[in-house]
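Trainee: Our numbering applies: residue 3 is where the sequence shown begins, and numbers increase by one. Structure incoming, see below.
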Amino acid sequence: MLECTIEGEGMEAVGTSEGYLSRPIFPQHRVIPSKTSIVMPLFKTLREQRHLGCFEAVLKEREAKHSGGFIEWTEAELINPILSIIEINKKCPFLITKQDGSFDVDSRHHLRGNAASSQSIAVYVAPFLEAHRQLTALVAFTERKDINSKIAEVLQEFVISFLSEHALSVSRRYTDKSLCAQMLAYSLRDELRALSAVHDALSTVFDVEVWTSETVDKFIERFLRLVLFAELQPHLTRNVVRRLQEVVFSVMKRYFDTIFSEGSVEETFANEFVFYDVKEDGASDSLGIRATACSLWSPQLIRSVLAGARDARRLRSNGYTKAPSRFSTYFMQYLHTNDSIGFVKASDIISSVERAAACCATDNAKHLFSFARDNALLETSLREIESIFTGFAVRELAFDLFGATRESPVSNIVLSFYNSLLMSGFTEERCCRWNISCGNGTLEQLRIFPNLQWPVEYVVDDRFIETANRCVRFLLRLMRAKETLSRIHIKYDKMDRLPFTRRKLHLLVASTTQPLTTMAELLFIHLQSLMAKKMPLILESSTIDEAHERLMSLNSQLDHLVSEKGCARALVHNAVSRLCELADELDTRLANDLLKDADLDELLKVVLREKELLIGLGKAMQGTIFNALQLFLS
Numbered sequence: 003m004l005e006c007t008i009e010g011e012g013m014e015a016v017g018t019s020e021g022y023l024s025r026p027i028f029p030q031h032r033v034i035p036s037k038t039s040i041v042m043p044l045f046k047t048l049r050e051q052r053h054l055g056c057f058e059a060v061l062k063e064r065e066a067k068h069s070g071g072f073i074e075w076t077e078a079e080l081i082n083p084i085l086s087i088i089e090i091n092k093k094c095p096f097l098i099t100k101q102d103g104s105f106d107v108d109s110r111h112h113l114r115g116n117a118a119s120s121q122s123i124a125v126y127v128a129p130f131l132e133a134h135r136q137l138t139a140l141v142a143f144t145e146r147k148d149i150n151s152k153i154a155e156v157l158q159e160f161v162i163s164f165l166s167e168h169a170l171s172v173s174r175r176y177t178d179k180s181l182c183a184q185m186l187a188y189s190l191r192d193e194l195r196a197l198s199a200v201h202d203a204l205s206t207v208f209d210v211e212v213w214t215s216e217t218v219d220k221f222i223e224r225f226l227r228l229v230l231f232a233e234l235q236p237h238l239t240r241n242v243v244r245r246l247q248e249v250v251f252s253v254m255k256r257y258f259d260t261i262f263s264e265g266s267v268e269e270t271f272a273n274e275f276v277f278y279d280v281k282e283d284g285a286s287d288s289l290g291i292r293a294t295a296c297s298l299w300s301p302q303l304i305r306s307v308l309a310g311a312r313d314a315r316r317l318r319s320n321g322y323t324k325a326p327s328r329f330s331t332y333f334m335q336y337l338h339t340n341d342s343i344g345f346v347k348a349s350d351i352i353s354s355v356e357r358a359a360a361c362c363a364t365d366n367a368k369h370l371f372s373f374a375r376d377n378a379l380l381e382t383s384l385r386e387i388e389s390i391f392t393g394f395a396v397r398e399l400a401f402d403l404f405g406a407t408r409e410s411p412v413s414n415i416v417l418s419f420y421n422s423l424l425m426s427g428f429t430e431e432r433c434c435r436w437n438i439s440c441g442n443g444t445l446e447q448l449r450i451f452p453n454l455q456w457p458v459e460y461v462v463d464d465r466f467i468e469t470a471n472r473c474v475r476f477l478l479r480l481m482r483a484k485e486t487l488s489r490i491h492i493k494y495d496k497m498d499r500l501p502f503t504r505r506k507l508h509l510l511v512a513s514t515t516q517p518l519t520t521m522a523e524l525l526f527i528h529l530q531s532l533m534a535k536k537m538p539l540i541l542e543s544s545t546i547d548e549a550h551e552r553l554m555s556l557n558s559q560l561d562h563l564v565s566e567k568g569c570a571r572a573l574v575h576n577a578v579s580r581l582c583e584l585a586d587e588l589d590t591r592l593a594n595d596l597l598k599d600a601d602l603d604e605l606l607k608v609v610l611r612e613k614e615l616l617i618g619l620g621k622a623m624q625g626t627i628f629n630a631l632q633l634f635l636s
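Right, here's the structure in full:
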């Protein structure tokens, strides 16, 4: 016979492993390990008070096994066994599991007065079968120890906490004498709804072996849809979802706080979300973005995160120590107007994340730009750029290198550049911030480049410097050809006994010099005009990005001047290049006494042909300096 011990009003089964009461809800010898240090909930060991009827059920089952007969139940006796269906580690005496995983009622059990079939009991059990399946899946999820994800561990802790409260809530029903079998599902509607809500939130990740960013995206998308569904549900469902929201929010705040303060992804979440560190030489250089279809990661949010992380890294690179604005602070401000945390709509979650990220990105950008404004650092750098590439310095450099009337030729281009800066009013300290190189010694390899201070280097990037150098090389090429022709004119103006007609030489020199001089002056004036117009706009910017965008606008206009893309532009540049080459050819022939009148006639024909081409192309290129050029050549 079954041995029972009665303590006070409660009773505890001892000495049997057969009945559905043979084990407590959570065996005391079993310890469920904590998953992380964030939350450490444990299942509580509960000792429930039972109806005396539940022990009668155990006795009936034991007697039935010995006799091999049917087991009769009254409706009142069914309540406790049915409650065990939605409890952890409980066994319902008449619920059996089939090979396909489905559930059925043991045919030996039936209601009193209906010995022919077990279907009448199945009617009472049916509303709880889905809840039993959900409970089994949740328990299996908490027991998994092979999950390589911090987010999964946090979710396991949430489920453990929920199941503890669920077990406590169900255990209290055993002493509720107002329950009846016909209304049992309705009486337990709160427990069933809560169980269903938690199961639905995690159903997409139960069987995941390796958690990736795609897994997390699926969970977040399911979470947002559950929140959207809960908005139309009773308060209890919203309350359960609210608790899940708190867990998700805590992870999001920790994740984004690190990104916006350090510019990198915390190692714990390296493979969890769409953002990841792009590392070069073992250090995080930038953030990358994985492909995603999750509605949380809107284009606006992605732009804010990438920009905010980039500026955070830039601030950190200069030893910036001031604590930046935290994402979590902005996020909670936008989520709730009060300190109390309540259920948050899905649309409010998405918008709050976007707005908080935008605020953090803006704060980082403003902090960074404030350093560029300190001591007029950006203004000084822009003025130097304007002076070197379009001001007196470039003219002085051209004269020092190619001037027809210079006293002695200069072979050291570095020294010539340094002298041009000094004559432009640069201090020696400022001169040292600029360098010039000439590669293989040709003008096409000339490059002027600065050593920009932090954080001006983020405004003026290599693309702009390269475009400005292309403009300078084009301008210097024109000025070099012009000075070469001027030197020829001066040298042979009064020379006697020439093997050619001096008048023809002067005509050729004048015809070639005109388009080159006009083109050089137009280019120089246009460069100065563009710089003078754009530089003040750049200084009026409020962030590094805004200043950089305005500088890139200037860059595109400068590129438009010297670009050879397009048929018409390519023809114009070919014509100008042919005139420059003709000046060098004329100088070489004169130096080697290889010039005759016939050669002058042929060269003049080339010059006139190229001028006509420039005039024709210029007429068709409205709004460009080439259109203005044709007016001077006509």
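Don't be surprised by glycine CBs; every beta carbon is placed ideally from N, CA and C.
Comparing alpha-carbon positions, which option in 205, 236, 230, 231 lies nearest residue 221?
Mentor: Looking up residue 221 in the sequence shown gives position 219. Of the candidates 205, 236, 230, 231, the one whose C-alpha sits nearest the C-alpha of residue 221 is 205.
Trainee: Quick one: grab the DSSP three-state call for residue 98.
Mentor: Residue mapping note: residue 98 aligns to position 96 of the sequence shown, counting from 1. Three-state DSSP puts residue 98 in a strand.
Trainee: Using the Cβ count rule (16 or more neighbours within 10 Å means buried), how would you classify residue 101?
Mentor: Working through the sequence shown from its first residue, we reach residue 101 at position 99. Residue 101 comes out exposed.
Trainee: If you reduce the DSSP assignment to three classes, tell me which class residue 328 lands in.
Mentor: As a working mapping, residue 328 is identified with position 326 in the sequence shown. If DSSP states are grouped into helix, strand and coil, residue 328 belongs with coil.
Trainee: Please state whether the Cβ-Cβ distance between residue 233 and residue 347 is less than 8 Å.
Mentor: In the sequence shown, residue 233 corresponds to position 231, counting from 1. In the sequence shown, residue 347 corresponds to position 345, counting from 1. Yes.
Trainee: According to DSSP, which residues form a beta bridge with residue 176?
Mentor: Along the sequence shown, one-based indexing puts residue 176 at 174. BP columns for residue 176 are empty, so no partner.
Trainee: Please classify residue 289: does DSSP put it in a helix, a strand, or coil?
Mentor: By one-based count along the sequence shown, residue 289 stands at place 287. Strand, per DSSP.
Trainee: To the nearest angstrom, how far is the alpha carbon of residue 42 from that of residue 145?
Mentor: On the sequence shown, residue 42 is found 40 positions in, with the first residue counted as 1. On the sequence shown, residue 145 is found 143 positions in, with the first residue counted as 1. Here residue 42 scores only 36 on pLDDT, less than 50, and its place in the model is too uncertain to base an answer on.
Trainee: Can you grab the Cα-Cα spacing for the pair residue 190 / residue 332, in whole Å?
Mentor: Looking up residue 190 in the sequence shown gives position 188. Looking up residue 332 in the sequence shown gives position 330. About 40 Å.
Trainee: Can you check whether the CB of residue 295 is closer than 8 Å to the CB of residue 208?
Mentor: Within the sequence shown, numbered from 1, the residue matching residue 208 stands at position 206. Within the sequence shown, numbered from 1, the residue matching residue 295 stands at position 293. Taking 8 Å as the Cβ cut-off, residue 208 and residue 295 do not qualify as a contacting pair.
Trainee: CA-CA distance, residue 442 and residue 414?
Mentor: Taking the first residue of the sequence shown as position 1, residue 442 is located at position 440. Taking the first residue of the sequence shown as position 1, residue 414 is located at position 412. Using only the alpha carbons, I get a separation of about 13 Å.
Trainee: Figure out for me which residue from 626, 576, 587 has the closest Cα to the Cα of residue 615.
Mentor: Counted from its first residue, the sequence shown places residue 615 at position 613. Residue 576 is the option with its Cα nearest to residue 615.
Trainee: Give me whichever residues DSSP pairs with residue 451 in a beta bridge.
Mentor: For the purposes of this step, residue 451 is identified with residue 449 of the sequence shown, where counting begins at 1. According to DSSP, residue 451 bridges with 437.
Trainee: From which residue to which residue does the beta strand (DSSP E) around residue 113 run?
Mentor: Position 111 of the sequence shown holds residue 113. Taken as a continuous stretch (DSSP letters only), the beta strand (DSSP E) holding residue 113 covers 111-113.
Trainee: May I ask you to report which of helix, strand or coil DSSP gives residue 557?
Mentor: For the purposes of this step, residue 557 is identified with residue 555 of the sequence shown, where counting begins at 1. Reduced to three states, the DSSP call for residue 557 is helix.
Trainee: Report all residues from its chain with a CB closer than 8 Å to the CB of residue 520; omit the five preceding and five following residues, and keep chain order.
Mentor: The residue given as residue 520 occupies position 518 in the sequence shown. Once the five neighbours on either side are set aside, the close Cβ partners of residue 520 are 631, 634, 635.
Trainee: Between the Cα of residue 230 and the Cα atoms of 164, 243, 218, 83, which residue gives the shortest distance?
Mentor: The residue given as residue 230 occupies position 228 in the sequence shown. Comparing Cα positions, the closest option is 243.
Trainee: Could you spell out the range, first to last residue, of the alpha helix (DSSP H) harbouring residue 322?
Mentor: In the sequence shown, residue 322 corresponds to position 320, counting from 1. Where residue 322 is concerned, there is no enclosing alpha helix (DSSP H), given that its DSSP letter is neither H nor E.
Trainee: Can you name, in chain order, every residue of its own chain whose Cβ lies under 7 Å from the Cβ of residue 366, other than the five neighbours on each side?
Mentor: Within the sequence shown, numbered from 1, the residue matching residue 366 stands at position 364. Cβ neighbours of residue 366 beyond the five flanking positions: 262, 310, 313, 314, 317, 326.
Trainee: Provide the residue span of the beta strand (DSSP E) that contains residue 74, from first to last.
Mentor: One-based indexing of the sequence shown puts residue 74 at position 72. Per DSSP, residue 74 belongs to the beta strand (DSSP E) from 73-75.
Trainee: Using DSSP's beta-bridge definition, name the partner residues of residue 278.
Mentor: As a working mapping, residue 278 is identified with position 276 in the sequence shown. Its beta-bridge partners are 290.
Trainee: Name, in chain order, the residues that DSSP records as bridge partners for residue 105.
Mentor: Reading the sequence shown from its first residue, position 103 is the one you call residue 105. BP columns for residue 105 point to 99.
Trainee: Under three-state DSSP, which class holds residue 623?
Mentor: Here residue 623 is taken as the residue at index 621 of the sequence shown, counted from 1. Residue 623 carries a coil assignment under DSSP once its states are collapsed to helix, strand and coil.
Trainee: May I ask you to report which of helix, strand or coil DSSP gives residue 629?
Mentor: Along the sequence shown, one-based indexing puts residue 629 at 627. When DSSP states are grouped into helix, strand and coil, residue 629 belongs to the helix group.
Trainee: My understanding is that residue 462 touches residue 387, with C-beta atoms under 8 Å, so please give their C-beta distance in whole angstroms.
Mentor: Position 460 of the sequence shown, counting from 1, holds the residue named residue 462. Position 385 of the sequence shown, counting from 1, holds the residue named residue 387. Rounded, the Cβ-Cβ distance is 7 Å, consistent with contact.
Trainee: Sort 607, 540, 150 by Cα distance to residue 375 and report the nearest one.
Mentor: Looking up residue 375 in the sequence shown gives position 373. It is 540.
Trainee: So residue 302 and residue 356 are supposed to be a Cβ contact under 8 Å. How far apart are they, rounded?
Mentor: In the sequence shown, counting from the first residue as 1, residue 302 sits at position 300. In the sequence shown, counting from the first residue as 1, residue 356 sits at position 354. Correct: roughly 5 Å between the Cβ atoms.
Trainee: Any idea if residue 219 is buried or exposed, counting beta-carbon neighbours within 10 angstroms, 16 or more meaning buried?
Mentor: The count along the sequence shown starts at 1 and reaches residue 219 at position 217. The residue in question, residue 219, is buried, as its Cβ has 16 or more Cβ neighbours within 10 Å.
Trainee: Among 236, 85, 605, which has the Cα closest to the Cα of residue 126?
Mentor: Here residue 126 corresponds to residue number 124 of the sequence shown, with the count starting at 1. Of the candidates 236, 85, 605, the one whose C-alpha sits nearest the C-alpha of residue 126 is 85.
Trainee: By the 10 Å Cβ neighbour count, where 16 or more other Cβ atoms means buried, how is residue 628 classified, buried or exposed?
Mentor: Residue 628 sits at position 626 when you count from the first residue of the sequence shown. Buried, because 16 or more other Cβ atoms sit within 10 Å of the Cβ of residue 628.
Trainee: Looking at C-alpha atoms only, which residue of 184, 186, 277, 254 is the closest neighbour of residue 216?
Mentor: Taking the sequence shown and counting its residues from 1, one reaches residue 216 at position 214. For the residues 184, 186, 277, 254, the minimum Cα distance to residue 216 belongs to 277.
Trainee: Do you know how far the Cα of residue 329 is from the Cα of residue 359?
Mentor: To locate residue 359, count along the sequence shown from 1; it is residue 357. To locate residue 329, count along the sequence shown from 1; it is residue 327. Distance between the alpha carbons of residue 359 and residue 329 is about 7 Å.
Trainee: If I'm right that residue 529 touches residue 392 with Cβ under 8 Å, what's the distance once you round it to whole angstroms?
Mentor: Here residue 529 corresponds to residue number 527 of the sequence shown, with the count starting at 1. Here residue 392 corresponds to residue number 390 of the sequence shown, with the count starting at 1. That belief holds up - the Cβ atoms of residue 529 and residue 392 are roughly 4 Å apart, short of 8 Å.
Trainee: Compute the beta-carbon to beta-carbon distance between residue 378 and residue 426, rounded to the nearest angstrom, for a pair I have assumed lies under 8 Å.
Mentor: Residue numbering aside, residue 378 sits at position 376 when the sequence shown is read from its first letter. Residue numbering aside, residue 426 sits at position 424 when the sequence shown is read from its first letter. About 18 Å separates the two Cβ atoms, so there is no contact after all.
Trainee: Return helix, strand or coil for residue 127, following the three-state DSSP convention.
Mentor: Taking the first residue of the sequence shown as 1, we reach residue 127 at position 125. Residue 127 falls in the helix class under three-state DSSP.
Trainee: Exposed or buried, what is residue 582 when buried is set at 16 or more other beta-carbons lying within 10 Å of its beta-carbon?
Mentor: As a working note, residue 582 is residue 580 in the sequence shown. Classification of residue 582: buried, given that the 10 Å Cβ count is 16 or more.
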